[in-house]
Structures are given as structure tokens and as C-alpha cells.
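**Student:** All you need for my numbering is the position in the sequence shown, starting with 1, plus 882.
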Amino acid sequence: MCGGSEKDLHDPRRFGALAVLSGDSEVEQDLSGQLVFFNESHHESLVATHVKYTPTTNHAAEEDLTLTIFSTGDLTIPYVQCKQFESFTLPLRESRLRTKLNLQVGGDGIIGRRIAISSKGFPSSRMAEGIVGFNHGLVASAA
883 MCGGSEKDLH
893 DPRRFGALAV
903 LSGDSEVEQD
913 LSGQLVFFNE
923 SHHESLVATH
933 VKYTPTTNHA
943 AEEDLTLTIF
953 STGDLTIPYV
963 QCKQFESFTL
973 PLRESRLRTK
983 LNLQVGGDGI
993 IGRRIAISSK
1003 GFPSSRMAEG
1013 IVGFNHGLVA
1023 SAA
């Protein structure tokens, strides 16, 4: 779902779920980058216990961010009209999730959902967004 060659899909360093974030060209601060949701103890697990944000640029953010996971994966719906599924503070490093997230499609899973990050002080102003997808070849090769 998130790309790569056949060789990349079976790379043992790829696990969990990945969201590639694209910044909004109308905002001053570029928060483009990648979010990886994963289980620190068991990389094959479908339950994420940690999240890691890797900005595209070195100066992407100077403060904690707000991560919002939406109920839908539809990017054609205006941001402000999307129903929120989950929201929490995203530190500028790898961190343990307060609530474990299911790495599945449908139900309470986050795969296929739209996400957005914003400055903690301005949670209603989206700065980068993407869709959560699988980050390994186990599911991709079964399709």
C-alpha cells in the first residue's frame, strides 16, 4: 500500500504501519515526513504500542504536535468535516502510545484511515496529512 519494490516489501526492518505525510503548501511550517506505528516488543504484532515521527526536513517542528486519526480515509472530504477517531500529542521523537492501536483494516483498526498532524497550539489547522498503510510485505504479498 505504501510502495516500494518487491525486495523492499520483504525487508526485515519494515514492520508495523506507515503513513507518509504531505505538507499543506499554504502553511509556513513544513511537517512532511513519515509516521510509523509499531509494537516495540513484537514487530509482527498487529497492535501498535509505539509511534515514531521522522520529518522530511531537519527543521520541521520545534514543539510537540497533535496527531489526529480520522474515521475515514477519504481525502476528498474537507478536513474540518471529518469525524475524529483518535487524537493525541505526538512528541518529536519515538514514544509509547497511551492507547494501543490496532494495525488492521476496518472496525477499530487504523489501516486506511486519514491522519493529520498540526501544531499543538493550533489543532484545528492541519499542517500535514496522509493515509495509514501497512509497512511490511506479510499482508501485501497475500493480496
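Glycine is no exception: its CB is placed at the ideal position from the N, C-alpha and C atoms.
What does the alpha-carbon distance come out to for the pair Leu-979 and Tyr-961?
**Tutor:** Working through the sequence shown from its first residue, we reach residue 979 at position 97. Working through the sequence shown from its first residue, we reach residue 961 at position 79. Roughly 24 Å separates the two Cα atoms.
**Student:** Suppose the cutoff is 6 Å on Cβ atoms and the five residues either side in sequence are ignored; what does the same chain contact list for Gly-905 look like?
**Tutor:** Indexing the sequence shown from 1 puts residue 905 at position 23. So the qualifying residues of the chain are Asp-912, Leu-913, Ser-914 and Ala-1010.
**Student:** Relative to the C-alpha of Glu-958, which candidate in Val-929, Gly-1012, Glu-922 and Ala-901 has its C-alpha closest?
**Tutor:** As a working mapping, residue 958 is identified with position 76 in the sequence shown. The sequence given here has Thr at residue 958, not Glu. Checked all of Val-929, Gly-1012, Glu-922 and Ala-901; the closest Cα to Thr-958 is Gly-1012.
**Student:** Does the Cβ of Ser-1000 have 16 or more other Cβ atoms within 10 Å, making it buried, or fewer, making it exposed?
**Tutor:** Mapped onto the sequence shown, residue 1000 falls at position 118. The residue in question, Ser-1000, is buried, as its Cβ has 16 or more Cβ neighbours within 10 Å.
**Student:** Does chain B have any CB closer than 8 Å to the CB of Phe-919?
**Tutor:** The structure shown contains no chain B, having only a single protein chain.
**Student:** Kindly provide the ranges of any beta strand (DSSP E) runs that are 3 or more residues long and lie completely inside the segment 895-959, ordered along the chain.
**Tutor:** With a minimum length of 3 residues, the continuous beta strand (DSSP E) runs that stay inside the segment 895-959 are 899-905, 915-920, 929-937 and 947-952.
**Student:** Going straight from the alpha carbon of His-924 to that of Val-933, what length do you get?
**Tutor:** Translated into the one-based positions of the sequence shown, residue 924 becomes position 42. Translated into the one-based positions of the sequence shown, residue 933 becomes position 51. When rounded, the distance between both Cα atoms is 14 Å.
**Student:** Who pairs with Phe-970 in a beta bridge, going by DSSP?
**Tutor:** Taking the first residue of the sequence shown as 1, we reach residue 970 at position 88. Beta-bridge pairing links Phe-970 to Leu-949.
**Student:** Starting from Arg-978 and walking both ways along the beta strand (DSSP E), at which residues does that stretch end?
**Tutor:** Looking up residue 978 in the sequence shown gives position 96. Counting along the chain, the beta strand (DSSP E) containing Arg-978 begins and ends at 977-987.
**Student:** Val-1014 lies in the beta strand (DSSP E); which residues open and close that run?
**Tutor:** The residue labelled residue 1014 in the question sits at position 132 within the sequence shown. Start and end: 1010-1016.
**Student:** Determine which residues share a DSSP beta bridge with Arg-995 and list them.
**Tutor:** Reading the sequence shown from its first residue, position 113 is the one you call residue 995. Its beta-bridge partners do not exist; DSSP assigns none.
**Student:** Could you work out which residue in Ile-992, Glu-922 and Asp-946 is closest to Phe-967 when comparing CA atoms only?
**Tutor:** For the purposes of this step, residue 967 is identified with residue 85 of the sequence shown, where counting begins at 1. The option with the nearest alpha carbon to Phe-967 is Ile-992.
**Student:** Using 10 angstroms around the beta-carbon of Gln-963, count the other beta-carbons present and answer buried if the total reaches 16, otherwise exposed.
**Tutor:** For this step, residue 963 is matched to residue 81 along the sequence shown. Result: exposed.
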